[in-house]
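Okay, so here's the structure we're looking at.
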Amino acid sequence: MGKQIIEPKRGIILISEPTLQDYYFRQSVVLLAEHSKEGTFGVIINKPIEMRLPEIFEDLQEFDFQVYLGGPVKTDSVFFVHTLNNISGSMKIMPGLYWGGDIQIVKSRIRKGLINENHIRFFVGYAGWTPDQLEREITENSWVLSHTTAGEVINQHPESLWRNYLKHMGQDYAIWANYPADPTLN
């Protein structure tokens, strides 16, 4: 498929190569929230789980937001990305998309109807790599890197995200989009 021309950095997505069969990362799209010489972290953005927001925050019982599996690290913790530029403590990932921030402000704005699922996604756990680990995996062709937008991260249907990104990357990658989730069943 050729040499990667996109370098890993904050705001880039990783699209798993179709033969990657890891439980967490099979047919996954990972948004990188940080990449530095100390390591890399982000969240898998296309793995909804059988959990809703009220199961995480008892004080948000009437808000039935979907929750996503962010990755295998710290699965006892909740992380979030959002499109709100006025949440204190948040970190800008790319234009129009932010990581984390003051959860009390977020919860208050959800209760007031100022934040809905078109603004925010919640994740259980995150994906993390030690220094140089992600570069090794890219060299081993485990990941294809691509650009994305805040709207694509927040508003797309997660079930079709992996395939959609591959189809839009050109003919060489579009073939991957038809690869079965479990090739042994083919």
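Our numbering numbers the first residue of the sequence shown as -1 and each following residue consecutively. The beta carbon of each residue, even a glycine, is placed where N, CA and C say it ideally should be.
Query: Segments of 4+ residues assigned as alpha helix (DSSP H) that fall wholly inside the segment 94 to 126; Result: 101 to 109
Query: Buried or exposed (CB count within 10 angstroms, at least 16 for buried), residue 86; Result: exposed
Query: Cβ distance (whole Å) where residue 37 is taken to contact residue 126 below 8 Å; Result: 7 Å
Query: Contact check, residue 76 vs residue 120, beta carbons under 8 Å; Result: yes
Query: Residue 110 burial status per 10 Å Cβ neighbour count (16 or more: buried); Result: exposed
Query: Nearest to residue 11 (by Cα), restricted to the options 64, 79, 41, 22; Result: 41
Query: Three-pair Cβ contact test at 8 Å for the segment 89 to 109 versus the segment 127 to 144; Result: no
Query: Rounded separation between residue 7 and residue 171 - CA only; Result: 21 Å
Query: Residue 165, enclosing beta strand (DSSP E) - first and last residue; Result: Unbroken run through residue 165 is the alpha helix (DSSP H), 156 to 166; no beta strand (DSSP E).
Query: Length-filtered (3 minimum) beta strand (DSSP E) runs lying within the segment 39 to 86; Result: 46 to 50, 64 to 67, 71 to 80
Query: heavy atom of the ligand GTP below 7 Å from residue 138 C-beta; Result: Absent from the structure shown: the ligand GTP. Ligands present: none.
Query: Neighbourhood of residue 62 by C-beta distance below 8 Å, restricted to the same chain and skipping five residues each side; Result: 50, 51, 52
Query: Exposure label - residue 146; buried when at least 16 CB within 10 Å; Result: buried
Query: Residue nearest to residue 167 in terms of C-alpha spacing, selected from 157, 17, 142; Result: 142
Query: Beta-carbon spacing of residue 99, residue 22 below 8 Å; Result: no
Query: Beta-carbon spacing of residue 14, residue 26 below 8 Å; Result: yes
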